[in-house]
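Numbering (my numbering), first residue to last: 13 to 465.
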């Protein structure tokens, strides 16, 4: 493109446009240049190629240094909004780097993939963008292609060397495609070597993900590819696909498919419950009937019929026994979570605390323990959410407010941190740890005039 043909007039630079906040930078040292930077980001966001060309000519080398307050450059803005022509111009004609990282570690390709801009992502890939670079959660462009059901983008990414087995706490691309019920993408990933038995979080396989997504078609594809219908977790938990299917309502077709594929109806969960019992608890009479002919009667039971099973799980004695078993299992999971925390395996600790909370969501100590685990992983939002849950369950426990304060501190919300630490001190006056924490955030807030503590 001939940028001289659309060069800016000799009039004064335009004022900053609404919604754009250019970060201060050595290369953008004067106000006039920053105003042109605002213009560049807005034009890239809108896909105004002519205006982008004019502003780049005005800024010269400084154009590549323009960043918004969130660390997005012009290429990030263009990619996030699907402005393919602007992306091509910036990279191909002007030589902008194709993989700059934002302040949150996102590349333009990752933004395009996340937001479903396939043509833009393809353009960036053609010009050398890396298909491997993950976001701050470890999710790659392939994960986002799977989430969006974007078969074309998945093909482009794998053609350029994307790792089909890359895993995050949400799983591989195959897990995500199954959870989102994208059978075409599941079939494609399986053809390209995705592992149908890959465990994530030491619990979930893609087959379990297909159950969570309620997709019979995805389930059949995975079974045909060799998925183990009796696969278990590796944390001492019993989470076979059949048990998971029976714990969710409306899954009769999935249960029938698993049984046809050889799922064992006599494997019990960690509380000793058979799949038929779990189905009965959820009043899934059709599932109970499907399981009844293939389930072995426990020797301790005298009556054995569909009706007697449904009556049994409603009895007071059965519920009391389950409560005791759940309490015992919850304490075991909490202990294992504490052990994982002590060796700094925070991901496993979070998983174990989460499993324990499914058994008892009114245990404030579990929320507190999970909150501090999130803090160690640098996730302030999750840490704050758990700390707030902790104080809802136990409003008079100072540790919950201390956890809130630490989460606010990580999020750089020093006003919120001060309030939380002060509440903790009201409940535990003179606690030296809380006093030191309050002093620290008070000093930090004093450096921000608009944020008095």
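Yeah, the Cβ is synthetic: ideal placement off N, Cα and C, and Gly gets one too.
Apart from the 5 residues on each side of it in sequence, residue 312 has no Cβ closer than 7 Å to any other Cβ in its chain. Under a 10 Å Cβ-count criterion, residue 116 is classified as exposed, with fewer than 16 other Cβ atoms of the shown protein chains found around its own Cβ. In this chain, residue 103 is not harboured by any alpha helix (DSSP H), its DSSP state being neither H nor E. Per DSSP, the continuous alpha helix (DSSP H) segment holding residue 156 begins and ends at 153–160.
DSSP, reduced to helix, strand and coil, places residue 180 within a strand of the structure shown.
Distance from the CA atom of residue 418 to the CA atom of residue 411, rounded to whole angstroms, is 10 Å.
DSSP lists 216 as the bridge partner or partners of residue 212. The C-beta of residue 386 has 16 or more other C-beta atoms within 10 Å across all chains shown, which makes the residue buried. For residue 44, the closest of 74, 60, 62 and 56 by C-alpha to C-alpha distance is 74. 187 is the residue among 105, 179, 187 and 149 whose C-alpha sits nearest the C-alpha of residue 160. For residue 288, the closest alpha carbon among the candidates 303, 362, 112 and 128 is that of 303.
Your pair residue 194 and residue 158 checks out as a contact, with CB atoms roughly 7 Å apart and the cut at 8 Å. Cβ contact annotation for residue 59 (same chain, cutoff 6 Å, sequence separation greater than five): 95 and 98, in chain order. Shown here for residue 103: same chain residues with a beta carbon closer than 6 Å to its own, the five before and five after excluded, namely 110 and 139 in chain order. With fewer than 16 neighbouring CB atoms inside 10 Å of its own CB, residue 306 falls in the exposed class. With respect to the C-alpha of residue 130, the residue from 164, 347, 85 and 434 having the closest C-alpha is 164. In this structure, the beta-carbon distance from residue 290 to residue 276 does not fall below 9 Å. Its Cα nearest to that of residue 145, the residue 112 stands out among 112, 204 and 432. Annotated three-state conformation of residue 240 is coil, per DSSP.
Per DSSP, residue 304 lies in no alpha helix (DSSP H) segment and is marked neither H nor E. Residue 408 and residue 378 have their C-alpha atoms roughly 16 Å apart. Pairing residue 371 with residue 341 gives a Cβ-Cβ distance under 9 Å.
The beta carbon of residue 367 sits closer than 6 Å to the beta carbons of 345 from its chain, once the five residues preceding and following it are set aside; these are given in chain order. Under the DSSP assignment, residue 110 falls outside any alpha helix (DSSP H); it carries neither an H nor an E label. A distance below 9 Å separates the beta carbons of residue 125 and residue 169. When only Cα atoms are considered, residue 222 and residue 416 end up about 36 Å apart. DSSP places residue 48 in the uninterrupted alpha helix (DSSP H) bounded by 43–58.
Just so you know, the alpha carbons of residue 423 and residue 184 end up roughly 29 Å apart. A Cβ-Cβ distance of about 5 Å is found for the pair residue 398 and residue 382, placing them in contact under the 8 Å criterion. Separation of residue 142 and residue 119 (C-alpha to C-alpha, rounded to the nearest whole angstrom) is 9 Å. Our two residues, residue 375 and residue 343, have alpha carbons roughly 10 Å apart in a direct line.
Apart from the 5 residues on each side of it in sequence, residue 178 sits with its Cβ closer than 6 Å to the Cβ of 152 in its chain, given in chain order. One alpha carbon belongs to residue 235, the other to residue 92, and they sit about 37 Å apart. Judged by DSSP in its simplified three-state form, residue 322 adopts helix. Our two residues, residue 212 and residue 393, have alpha carbons roughly 23 Å apart in a direct line. C-alpha of residue 85 to C-alpha of residue 70: approximately 16 Å in a straight line.
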